[in-house]
Amino acid sequence: MKLHRITSRIINLPEDYSFKLTASAYNFSWYFNGSELIIPIDYEELIIASIREVDLRKLKITLFSKRKVNHTETFFEEVEDALGVNENLKLFYDLWMRDPLLSQSYKSLKGFHLRKTKLWNALLIGICQQNASFRQGWNMLTLIHKKLGFRVEIEDGKTTIIPPSPEKIVNISINELKKCKLGYRAETIKRCAEAFYSNTLSEEKLQKYDEKDLTSIKGIGKYTARLALILSDRRYELPPIDRWLAKIISEVYNVPLGKAEEEWVSRWGRWCGLAAFITTLALDAEPLTQALKRIQEGKITPTFNENKITPLTLWKFT
DNA sequence: TGCCAGGCGGGGT
DNA sequence: ACCCCGCATGGC
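Just so you know, we're using my numbering here: the first sequence kicks off at 5 and counts up by one.
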């Protein structure tokens, strides 16, 4: 499938917006190459946005699609929303600067904004993260995209991948899904796809989902539900406390494991989800033992090491 | 090699 | 409301 250029627009960036950080975090090479960011806007109609830096305070957004599109305004709005160019993080910065765990990373990560993704894709990310390391989880998602995703060509031969649709997942066998090294998570992804396909869940924006809607699917628990809502709708008030973060909280703030969530909520308030996300960036998503060691050594800031696979360098390795 | 790794549900108390 | 276990898989 080949897509054609529809239209372009230049937008201004606010202060403290880092395009490079925003585009880099937890991304694949088919979405970011160091200068051009691709964001699929509509998976079915195949609306794709390409975003480049014109200068430090300006971005150029170009829309691509398979055929002519009339109301491009809403698509530009969706791109800006996905990029988070209009979100105001001032109040969060006030907490970030002073926090014992995260203040060290403030300087290098300030300007990062979370890229929104579709709920369906957010759930795939969350499910792949279950009971697995960062590396293993993102390997699974890489395989899902490469083996099952839909490849599209954008004009001059560049290709990108749209995540497989719920319909596609519904129509393939569990064994086919398991080739993505998903293990028992394959069953959860299947059930999740069925929920989307049968319209129990859909991407309709009118509907605002909450945790309960998602945890009603077997295999989606509190953590995955909250993470998915954070990634798809910036529901930063939700604390996605997994074993990894719980242990870190209990060590750093000296509270029992069972009080970790309470502690996080009292520190971050409406910013729990964003703070959790940034914690993974600050520690390069190291597995727990390594992460705790990094904290002991006071190395709580991304390494930006060229040879290391981290959330911020993942796009170089896929 | 055996066991850990950003969960989860089911079954026990 | 807790606690505990098994569950696929890859990586060390």
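Cβ coordinates follow ideal geometry from the N, Cα and C atoms, glycine included.
Beta-carbon gap between residue i and residue j smaller than 8 Å
i	j	result
L316	F96	no
A232	L123	yes
L282	L106	Inspection of the sequence shows that residue 282 is occupied by Ile rather than by Leu. Their beta carbons are under 8 Å apart, which means I282 touches L106 by this criterion.
L67	T11	yes
F32	T322	yes
K70	L152	no
A126	P170	no
R195	K226	no
T228	I131	yes
D103	R271	yes
Pick from the options that is closest to residue i, judged by C-alpha positions
i	options	result
L4	T146, I165 and V156	With the chain covering 5 to 322 only, the question about residue 4 has no answer from this structure.
E19	E40, E91 and G38	E91
F138	A29, L261 and E267	A29
L25	K263, P306 and C276	P306
E48	Y201, K120 and D237	Y201
L99	Q294, T228 and G273	G273
K64	E84, G38, I15 and S22	I15
V269	W248, P291 and P244	P244
K303	E310, A295 and N309	A295
V174	A199, C184, Y188 and I166	A199
F23	M5, W34, V58 and G225	V58
E207	D237, K320 and V73	D237
W34	I166, D288, S177 and A280	I166
K62	E77, V89, I178 and K72	V89
H149	R9, C184 and R102	C184
L242	K263, L93, E215 and A264	E215
L128	E290, L181 and V73	L181
R13	I55, I43, G38 and S39	I55
L118	K172, I43, W142 and S39	I43
E301	F154, L287, E267 and L17	L287
S109	E310, A280, W319 and K312	A280
M144	E77, Y188, R9 and F154	Y188
K1	N309, K114, K263 and D217	Any question about residue 1 goes unanswered here, given that the chain covers just 5 to 322.
Cβ-based neighbour list, residue i, same chain, cut-off 6 Å, excluding 5 preceding and 5 following
i	result
Y213	none
F79	I45, I51 and L67
E82	I45
F289	A small fix is needed here, since residue 289 is Ala in this sequence, not Phe. Excluding sequence neighbours, A289 sits near F138 and P315.
A136	none
I313	F321
G141	C132 and Q133
E267	I253, Y257 and V259
E310	none
Neighbourhood of residue i by C-beta distance below 8 Å, restricted to the same chain and skipping five residues each side
i	result
L261	A250, K251 and S254
D85	K120
I176	L152
L116	Note on identity: in this sequence residue 116 is Phe, with Leu being the wrong assignment. Closer than 8 Å at the Cβ level, and outside the excluded window around F116, lie S22, L25, T26, A29, I282 and L285.
V156	M5, K6, L7, L50, I52, T163, T164, I165 and I166
I178	A190, E191 and K194
W60	In the sequence under discussion, the amino acid at residue 60 is Leu, which differs from the Trp named in the question. Within the same chain, L60 has close Cβ partners L17.
M101	S107 and Y110
T76	I10, T11 and L67
K263	S254
Same chain, Cβ closer than 7 Å to residue i, five either side skipped, listed in chain order
i	result
A27	F36 and L41
R240	The question names Arg, yet the displayed sequence has Tyr at residue 240. So the list reads I234, R274, W275, C276, G277 and L278, once near-sequence residues are dropped.
L292	W248 and K251
E265	P243 and I245
T219	G225, K226 and A229
S112	T305 and P306
R9	T66, F68 and E159
K172	L152
Original post:
Where are the alpha helix (DSSP H) runs, 4 residues long or more, that stay fully inside the stretch 35 to 120, in chain order?
Top reply: 76 to 87, 94 to 102 and 107 to 113
**OP:** Flag this pair as touching only if the stretch 243 to 261 and the stretch 159 to 167 have three or more C-beta atom pairs under 8 Å; answer yes or no.
**Re:** no
Original post:
Of all the alpha helix (DSSP H) runs that stay within the bounds of the stretch 197 to 222, which reach a length of 4 or more residues?
Top reply: 215 to 219
**OP:** Please specify which runs of the alpha helix (DSSP H), each continuous and at least 4 residues long, are wholly inside the stretch 165 to 190, giving them in chain order.
**Re:** 170 to 175 and 178 to 182
**OP:** May I have a chain-ordered list of the alpha helix (DSSP H) segments no shorter than 4 residues that lie completely inside the stretch 120 to 156?
**Re:** 123 to 133 and 138 to 147
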